[in-house]
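Read the structure below first, then the notes.
In the UniProt record's numbering, the protein residues as written are 1 to 304.
Printed below as a string of structure tokens:
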């Protein structure tokens, strides 16, 4: 029998799962004031698109303004992925979440085809197209091309530029490393929305939501929330959740028969998270500036 032909891992329309958003911006996402204002402006741009481009005639000078591209950037754990899904929920659109694994192919040239397939799927369904870890895709194109590998990386990024130009829907990128973006992508993104660490007001609202009413407390709940919000400066929403994930078991271990959550349970959990931020994972952040091209090679199946 002749040898079998290896199956090419190309993503077709059916491979991209359409999700119905479970959340919306108004009810389910806690954002700093400036971040929320930028989302409101982006929603307004979509709502009033016909007036601006057709009635006012702005399409005469901006024929490529049929799409809306957002970039959500900031530290890990600040709610970028959650906000992208919530935006889809607010707009009553379905949601396609594209990660690195969905685009990766071990065959040369297939990653670019997968990018095209993602845009085709979103166009057909009218879905919000969300790219996570976008710095891998939007990284600076390689100016000193010495190998075929480098040509493939540039071809992948050129494909993405072309798809962004002709797409007529809503695209959201998210990254922890926006500094790695190529300027050609930066200029095509209409709204760059920063996700900073939560301010005091946002932290207060996060603690109010996460310290659910059923938790038995020693202190009065409002006073404890105010204390937690004050002490947790510098923590993300994800890290505040981690604090409670470790504080609650401590309360049960201390008194399994009549458990109550005390301030010291939360205080020590906050200290543990701060210590982890200081001591764990620093090397990865330092090395990230050179990681974009390496990840691009892996996406294309061209790494050593």
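For glycine and all other residues, C-beta sits at the position ideal for the given N, C-alpha and C.
Closer than 7 Å by C-beta to residue i: which residues in its own chain qualify, once you throw out the five before and the five after it? Chain order, please.
i           : result
residue 283 : Confidence is the limiting factor: at residue 283 the pLDDT is only 45, short of 50, which leaves the residue's position unreliable, though a coordinate-based value still follows. Cβ within range, chain order: n/a, list empty.
residue 253 : none
residue 18  : 94, 96, 125 and 127
residue 219 : 263
Would you list the one or two residues that DSSP bridges to residue i?
i           : result
residue 19  : 95
residue 192 : 71
residue 131 : 98 and 173
residue 261 : 217
residue 139 : 181
Going by beta carbon distance, what residues of the same chain come within less than 6 Å of residue i, once the five residues before and after it are set aside?
i           : result
residue 88  : 21, 95 and 128
residue 1   : With a pLDDT of 40 at residue 1, under the threshold of 50, the modelled position of this residue cannot be trusted, and the question is left open.
residue 83  : 29
residue 170 : 68 and 128
Between the Cα of residue i and those of the options, spot the shortest distance and give me the residue it belongs to.
i           : options               : result
residue 66  : 48, 137, 192 and 79   : 48
residue 93  : 225, 58, 100 and 124  : 124
residue 225 : 271, 245, 216 and 206 : 206
residue 90  : 236, 56 and 28        : 28
residue 158 : 171, 169 and 140      : 140
residue 234 : 153, 170 and 202      : 202
residue 154 : 117, 97 and 185       : 185
residue 179 : 60, 59, 276 and 74    : 74
residue 187 : 138, 204 and 44       : 138
residue 166 : 68, 204 and 227       : 68
residue 306 : 190, 103, 209 and 174 : The structure shown does not extend to residue 306, since the chain is modelled only from 1 through 304, so no value can be given for it.
residue 174 : 193, 251, 182 and 240 : 193
residue 41  : 70, 56, 263 and 120   : 70
residue 103 : 57, 156, 59 and 44    : 156
residue 172 : 219, 250 and 85       : 85
residue 236 : 257, 277 and 248      : 277
residue 272 : 259, 243, 281 and 44  : 243
If I measure Cβ to Cβ from residue i and keep anything under 8 Å in the same chain, skipping five residues before and after, which residues do I get?
i           : result
residue 98  : 16, 118, 129, 130, 131 and 132
residue 209 : 30
residue 72  : 80, 83, 84, 172, 173, 174, 175, 193 and 195
residue 250 : 265, 268 and 269
residue 221 : 211 and 213
residue 46  : 68, 91 and 170
residue 261 : 215, 216, 217, 218, 247, 248 and 251
residue 168 : 66, 67 and 123
Taking 8 Å as the cut-off, does the stretch 28–37 touch the stretch 192–200 (at least 3 CB pairs, one atom from each stretch)? yes
Which residue spans inside the stretch 24–80 form an unbroken alpha helix (DSSP H) run of at least 4? 25–28 and 33–47
Write down every uninterrupted run of the alpha helix (DSSP H) in the stretch 158–245 whose length is 4 residues or greater and which is fully enclosed by it, in chain order. 183–186, 200–210 and 221–231
Assess, as a yes-or-no matter, whether the stretch 38–55 is touched by the stretch 109–116 under the definition of 3 or more beta carbon pairs within less than 8 Å. Because the criterion of three Cβ pairs below 8 Å is not met, the stretch 109–116 and the stretch 38–55 do not touch.
Inter-stretch contact at 8 Å, needing at least 3 Cβ pairs: the stretch 157–169 / the stretch 70–81: no
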